[in-house]
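S.K.: Going by this note's numbering, the sequence shown opens with residue 49, and the numbers climb by one from there. Quick reminder that beta carbons are idealized off the backbone N, C-alpha and C, glycines included.
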Amino acid sequence: MSDSQPQQPSHSPRSGNGSGSAAAAEATTLLLAGARLTDGRTVDVRLGGGRIQAVGTTGSLSSAVLSRVDLSGYLLLPAPAEPHAHGDTALTADGDGPVSYAPDEVQRRATEAALLQLGHGATAMRSHVRIGDVHGLGPLEAVLQARRSLRGLADLTAVAVPRLLTGAAGADGLAMLRDAVKMGASVIGGCPDLDPDPTGFLEAVLELADEHGCPVDLHTDGDDPARLSRLAAMAGGLRPGVTIGPCGGLSRLPLDAAARAADRLAAAGVRVTCLPQGDCAALERRGLRTAPVRLLRAAGVRVAAGSGALRDAGNPVGRGDPLEAAYLLASQGGLRPGEAYESVSACAREAMGLPEVRVEAGFPAELLAVRGERIAGVLSLAYSRIVIHRGRVVARTSAVREYCDSAVAVALDLPRQGRTEPGP
Numbered sequence: 049m050s051d052s053q054p055q056q057p058s059h060s061p062r063s064g065n066g067s068g069s070a071a072a073a074e075a076t077t078l079l080l081a082g083a084r085l086t087d088g089r090t091v092d093v094r095l096g097g098g099r100i101q102a103v104g105t106t107g108s109l110s111s112a113v114l115s116r117v118d119l120s121g122y123l124l125l126p127a128p129a130e131p132h133a134h135g136d137t138a139l140t141a142d143g144d145g146p147v148s149y150a151p152d153e154v155q156r157r158a159t160e161a162a163l164l165q166l167g168h169g170a171t172a173m174r175s176h177v178r179i180g181d182v183h184g185l186g187p188l189e190a191v192l193q194a195r196r197s198l199r200g201l202a203d204l205t206a207v208a209v210p211r212l213l214t215g216a217a218g219a220d221g222l223a224m225l226r227d228a229v230k231m232g233a234s235v236i237g238g239c240p241d242l243d244p245d246p247t248g249f250l251e252a253v254l255e256l257a258d259e260h261g262c263p264v265d266l267h268t269d270g271d272d273p274a275r276l277s278r279l280a281a282m283a284g285g286l287r288p289g290v291t292i293g294p295c296g297g298l299s300r301l302p303l304d305a306a307a308r309a310a311d312r313l314a315a316a317g318v319r320v321t322c323l324p325q326g327d328c329a330a331l332e333r334r335g336l337r338t339a340p341v342r343l344l345r346a347a348g349v350r351v352a353a354g355s356g357a358l359r360d361a362g363n364p365v366g367r368g369d370p371l372e373a374a375y376l377l378a379s380q381g382g383l384r385p386g387e388a389y390e391s392v393s394a395c396a397r398e399a400m401g402l403p404e405v406r407v408e409a410g411f412p413a414e415l416l417a418v419r420g421e422r423i424a425g426v427l428s429l430a431y432s433r434i435v436i437h438r439g440r441v442v443a444r445t446s447a448v449r450e451y452c453d454s455a456v457a458v459a460l461d462l463p464r465q466g467r468t469e470p471g472p
């Protein structure tokens, strides 16, 4: 099971939530005209049936289409994905008093957070949702309802995150986790570091995941090499795979210990999702550093980057912007701009079990157009964006930069974000 094929709740009623209109939209043919690719070419791209039908030189494709978008001045990229969100707690940093977990409040927050991330370019999101305690399965059901309401705009999937799975207290957590999978949580998560028996927690998660064919996505600081080694040994054979993050603690280990841990994770096929914008609140601690991305990549670990907290207790100013995560990996993490963008696009989609996207015929039409010419410039000044999901435009952000009418501005012909004439 992958994020692209979420398990449906067995009790979910049929509803007229626009799925028919979404299917009709996928049948629409769309021409993206004059887009720039990362290899420097300027091309037209025809979309239809939710996929890329053709890529050709400017003006070479049939214009007999129902819709056309002028992408002159835009760089066309595979859309990013968000592999580590927390929709149930998002947008709560400015609230007065305790955070409300009433189902309608959680659904509103999860929906608004997903739309913010969609506006930034992420057409698929994986949201970690706490279950248990006094709130039970209510937050999960609310996020699943948000997923249904977003169908056709973005793909949102839920990770069930129990607190405890071992001992007397963990029995209830394990039962609730089983119910969460039956309800529609397509990924099993949690934080072994917070359980009195981390190994027992991991055993319970892996056993249940193997039983249901679910991916596993766990929170860990990664500061205990022995624990990481046990995780790698236990998770090596699980399909469809295991992801851990944010692993900021790996950066605080001695270099040789971190390198050995990275080698073991790579050998076991365990992926890592780092959070360059700051930790999330799930670990109940604030890490001081991002995971050592270059070291992990050198060892062969597939590293994705997520946004983590979106204006909640983990980061009161989180933006939920994958391009900011890529920017930080390029500016502070030592990655080249293309590698940094890959971490929020191809690697993020791979971690989520989603199909690969390339700007080539036959691939899914999950695309992001950003005003600019090269990835480095896009990561630096990614203001104007056009987001395409399943072959149709689902979000636009337009920005115009103006300077005062001065002799200096006129003489230098300073650049602007946006154009004076109507754009796409």
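#1: Nearest-angstrom Cα distance between D269 and R278?
#2: Let me know the secondary structure DSSP gives C14 once reduced to three states.
#3: Would L344 be called buried (16 or more neighbouring beta carbons within 10 Å of its own) or exposed?
#4: Restricting to Cα atoms, I'd like to know which of F249, R433 and A141 is closest to A21.
#5: From the DSSP output, in three-state form, read off Q101 for me.
#6: In whole angstroms, what is the alpha-carbon distance linking G143 and E153?
#7: Mapping DSSP to helix, strand and coil, what is H183?
#8: CA-CA distance, S58 and M231?
#9: In whole angstroms, give me the CA-to-CA distance for Q55 and A314.
#10: Hey, which unbroken runs of the beta strand (DSSP E) at 3 residues or more fall wholly within the region 108-155?
#11: Just to confirm, are Y431 and R444 a CB contact at a threshold of 9 angstroms?
#12: So, with DSSP's three-state summary, where would you put S175?
#13: Pick out whichever of L323, V349 and S379 has its Cα sitting closest to the Cα of N363.
#14: Mind reading off the beta-carbon distance from A172 to A129? Whole number of angstroms is fine, and I expect it under 8 angstroms.
#15: Using only the alpha-carbon positions, how far apart do P385 and G317 sit?
#16: Please state whether DSSP places A378 in a helix, a strand or coil.
#17: Which residues does DSSP list as the beta-bridge partners of L323?
#18: Per DSSP, what kind of secondary structure is A162 in: helix, strand or coil?
M.R.: With the given structure in hand:
#1: What you label residue 269 is simply residue 221 of the sequence shown in a count that begins at 1. What you label residue 278 is simply residue 230 of the sequence shown in a count that begins at 1. Using only the alpha carbons, I get a separation of about 15 angstroms.
#2: There is no way to answer for residue 14, as the model of the chain reaches only from 49 to 472.
#3: Looking up residue 344 in the sequence shown gives position 296. Looking at its Cβ environment, which holds 16 or more other Cβ atoms inside 10 Å, L344 is buried.
#4: An answer regarding residue 21 cannot be provided, because it is not within the stretch 49 to 472 covered by the chain.
#5: Here residue 101 refers to the residue found at position 53 of the sequence shown. In the structure shown, Q101 sits in a strand (DSSP, three-state: E or B).
#6: Position 95 of the sequence shown, counting from 1, holds the residue named residue 143. Position 105 of the sequence shown, counting from 1, holds the residue named residue 153. Approximately 12 angstroms between the Cα atoms of the pair.
#7: Indexing the sequence shown from 1 puts residue 183 at position 135. Note: H183 maps to helix in three-state DSSP.
#8: Against the sequence shown, residue 58 aligns to sequence position 10. Against the sequence shown, residue 231 aligns to sequence position 183. Residue placement at S58 cannot be trusted, given a pLDDT of 36 that sits under 50; what the coordinates show is reported in the next sentence. About 7 angstroms.
#9: As a working note, residue 55 is residue 7 in the sequence shown. As a working note, residue 314 is residue 266 in the sequence shown. Because the pLDDT of Q55 is 37, which lies under 50, any placement of that residue in the model is unreliable, and the number read from its coordinates should be weighed accordingly. Whole-angstrom Cα-Cα distance: 29 angstroms.
#10: 115-118, 122-126 and 130-133
#11: The residue given as residue 431 occupies position 383 in the sequence shown. The residue given as residue 444 occupies position 396 in the sequence shown. Cβ atoms of Y431 and R444: not closer than 9 angstroms.
#12: Residue numbering aside, residue 175 sits at position 127 when the sequence shown is read from its first letter. Strand at S175.
#13: Here the question's residue 363 lines up with position 315 in the sequence shown. It is L323.
#14: Locating residue 172 in the sequence shown gives position 124, where the first residue counts as 1. Locating residue 129 in the sequence shown gives position 81, where the first residue counts as 1. With a Cβ gap of about 4 angstroms, A172 and A129 count as contacting.
#15: As a position in the sequence shown, residue 385 is number 337, starting the count at 1. As a position in the sequence shown, residue 317 is number 269, starting the count at 1. Rounded to the nearest angstrom, the two C-alpha atoms are 25 angstroms apart.
#16: By 1-based counting over the sequence shown, the position of residue 378 is 330. Looking at A378 - three-state DSSP - the assignment turns out to be helix.
#17: The residue you call residue 323 lines up with position 275 of the sequence shown. Answer by DSSP bridge pairing: none, since L323 is not bridged.
#18: To locate residue 162, count along the sequence shown from 1; it is residue 114. Helix.
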